[in-house]
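Protein chains in written order, with this note's numbering: chain E, 20 to 155; chain Y, 95 to 281. Here a beta-carbon is modelled for each residue, glycine too, at the ideal position from N, C-alpha and C. This one's a predicted model, so the numbers in the text were calculated from it and none came from an experiment. Presented below is the structure to which this report refers.
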């Protein structure tokens, strides 16, 4: 009897564990039928930040909002929209923060320039070293 | 190897000795600074200053009409509140929204991923300051206006342009700021 009461309590409690009672958006947990489109959607979703759980991508997250974002991404891809256009749409709303692929901007150019500068410096240094070595 | 490179290293030695330590100290300072002042985790909408995107939402409850972009072109500013019955902090800001509504401001709501009976119970419990309430079951409008959670509030001017975003609960001490933003939007 006690066990039964416990089981009943568990069944009653389960729905309250969810944040909300509404079923997830249509394509939150459903892949697109066309594998090529699904692959495109998956690639994009892996590079979009979940806004509720900020160190995860929307592909990784079980947050309801991430599900809504996945559904929207899949529906737009299915409608023929370009993945980069969807990314641009989100960046227009949330800033660069929502995207995990950095763009080349006035703020981010050192990220791209620094490795080149370091490589050039290393090459210069090595060349001087080699020349000295040859002379010796 | 002859003696010349070693004399060269000896000449360069003060730098070679102190530079790594200086770099390390700089790195340490950066870490301490980062720990002392953790960055904000709020995601600001980039839509502030832009017109509301097009939407038309079904009513969330029977007693109030739904919400559409065209409702925001009436010439007067409105406060758009993104809320949900399952959102605990949303109940905390209810008295403040009621106060703003009592002062003659129009407050509209968008209920995120919510059922009608839940919204009704929430409003019965906390009061209903909303003129219109739209239901957004897939966060479509929330994503379109760059909101990343509940509660969030947006001041929309009489032409439908988003003028201000308030992230999180509107507490009693936030009221002067919200009133100010509503007044600014009316100009």
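Query	Result
Neighbourhood of residue 101 of chain Y by C-beta distance below 6 Å, restricted to the same chain and skipping five residues each side	A caution first: residue 101 of chain Y carries a pLDDT of 48, below 50, which makes its placement in the model too unreliable to give a value.
Limits of the alpha helix (DSSP H) - the one that residue 190 of chain Y falls within	188-196
Identified DSSP bridge partners for residue 162 of chain Y	Y/150
Candidates Y/224, Y/120, Y/270, of which the one nearest residue 175 of chain Y by Cα	Y/224
N- and C-terminal bounds of the alpha helix (DSSP H) containing residue 275 of chain Y	269-280
Cross-chain neighbours of residue 90 of chain E in chain Y, by beta carbon under 7 Å	232
Chain Y contacts from the region 68-100 of chain E (Cβ-Cβ distance under 8 Å)	70, 71, 73, 83, 84, 87, 88, 90, 91
Distance CB(residue 262 of chain Y)-CB(residue 245 of chain Y) smaller than 8 Å	yes
Option in Y/164, Y/136, Y/112 with minimal Cα separation from residue 145 of chain Y	Y/164
Near-chain E residues of the region 112-146 of chain Y - C-beta to any C-beta below 8 Å	135, 137, 138, 139, 140, 141
Within chain Y, the residues that residue 112 of chain E reaches when beta carbons sit closer than 8 Å	139, 140, 141, 237, 238, 239, 240
Secondary structure of residue 258 of chain Y, DSSP reduced to three states	strand
Chain E contact for residue 198 of chain Y (CB, 8 Å cutoff)	no
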